[in-house]
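Numbered by the working numbering, the letters in the sequence shown go through residues 324 to 482 in order. Ideal Cβ placement from N, Cα and C applies to all residues, glycine included. Model, not experiment: these values are computed from the prediction. Each remark here refers to the structure printed beneath this line.
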Amino acid sequence: MLGKFENFPEIVHKEKEFKTKFSVKELQKKIIKSLYSLNGKEIRQSHITTTISSESSDYTVIFELGIADGINFNYLDASELKRCLNFLKNRNFKTLDFLMVNRYYKIKSGKGRTPLKFDYQFLRFTFPSKCLKIMIYHERGPRRIPLDELISFLAKQIL
């Protein structure tokens with residue numbers, strides 16, 4: 324089923340609720356479009372988290388996102404975006420689940436960048452009354468970005 328990961332873990336590592344003025348359909352469109360625009364984008368880690376050491380400011384993150392479809396995830400590219408928006412024309416998603424990979428790179432002046440270990444997370448968005456609830460299950464990786472700050476970053480992109 325599009326938007327739902329059948330094996331989403333029962334226990335999550337972090338969750339946060341945000342009040343919203345948007346309808347569920349508008350909110351779901353904003354989530355999908357925001358994550359699509361974030362997909363593959365290179366961002367300085369210091370723009371996401373405030374709890375990094377000064378040496379960490381030379382790091383960048385590239386997010387890779389896939390939307391759930393049963394037991395699989397489909398890369399959130401232009402065709403998948405169109406598919407999701409077409410789905411929303413007829414009905415709402417009950418939940419929206421994503422696989423998020425944080426690709427970290429150390430920036431070396433004049434030498435390009437060096438890849439570091441990646442983080443892998445499952446994201447779940449639910450829609451209680453007048454709210455957006457974001458849940459994260461950290462699958463594996465060094466967790467370079469604290470999960471509460473990652474949730475706040477995602478909420479800023481969406482809301």
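Taking the continuous alpha helix (DSSP H) assigned at residue i, which residues delimit it?
| i | result |
| --- | --- |
| Val-347 | 347–361 |
| Arg-406 | 401–413 |
| Ile-481 | 470–481 |
Can you grab the Cα-Cα spacing for the pair residue i / residue j, in whole Å?
| i | j | result |
| --- | --- | --- |
| Val-335 | Met-458 | 6 Å |
| Leu-325 | Ile-390 | 8 Å |
| Ser-377 | Leu-477 | Low confidence applies here, because Ser-377 scores a pLDDT of 49, under 50, leaving its location unreliable; read the following figure in that light. Taking the straight line from one Cα to the other gives about 23 Å. |
| Met-423 | Ser-357 | 13 Å |
| Lys-339 | Ile-474 | 7 Å |
| Tyr-382 | Pro-469 | 15 Å |
| Lys-337 | Lys-456 | 11 Å |
Evaluate residue i with the Cβ neighbour count: other Cβ atoms within 10 Å of its Cβ, from every protein chain shown; 16 or more gives buried, anything less gives exposed.
| i | result |
| --- | --- |
| Asn-395 | exposed |
| Arg-467 | buried |
| Cys-407 | buried |
| Asn-330 | exposed |
| Tyr-427 | buried |
| Asn-425 | buried |
| Tyr-460 | buried |
| Gln-362 | Sequence check: residue 362 is Asn here, not Gln. Classification of Asn-362: buried, given that the 10 Å Cβ count is 16 or more. |
Flag this pair as yes or no: are the beta carbons of residue i and residue j separated by less than 9 Å?
| i | j | result |
| --- | --- | --- |
| Asp-420 | Leu-404 | no |
| Glu-472 | Ile-371 | yes |
Per DSSP, which one or two residues make a beta bridge with residue i?
| i | result |
| --- | --- |
| His-336 | Paired residues: none, contrary to the question. |
| Gln-444 | Met-423, His-461 |
| Arg-436 | Ile-430 |
| Thr-383 | Arg-367, Tyr-428 |
| Asn-395 | Asp-392 |
| Phe-328 | Gly-393 |
| Arg-450 | It is Phe, not Arg, that sits at residue 450 in the sequence shown. In the DSSP output, where bridge partners are listed per residue, Phe-450 has none listed. |
Which residues bound the beta strand (DSSP E) around residue i?
| i | result |
| --- | --- |
| Lys-431 | 419–431 |
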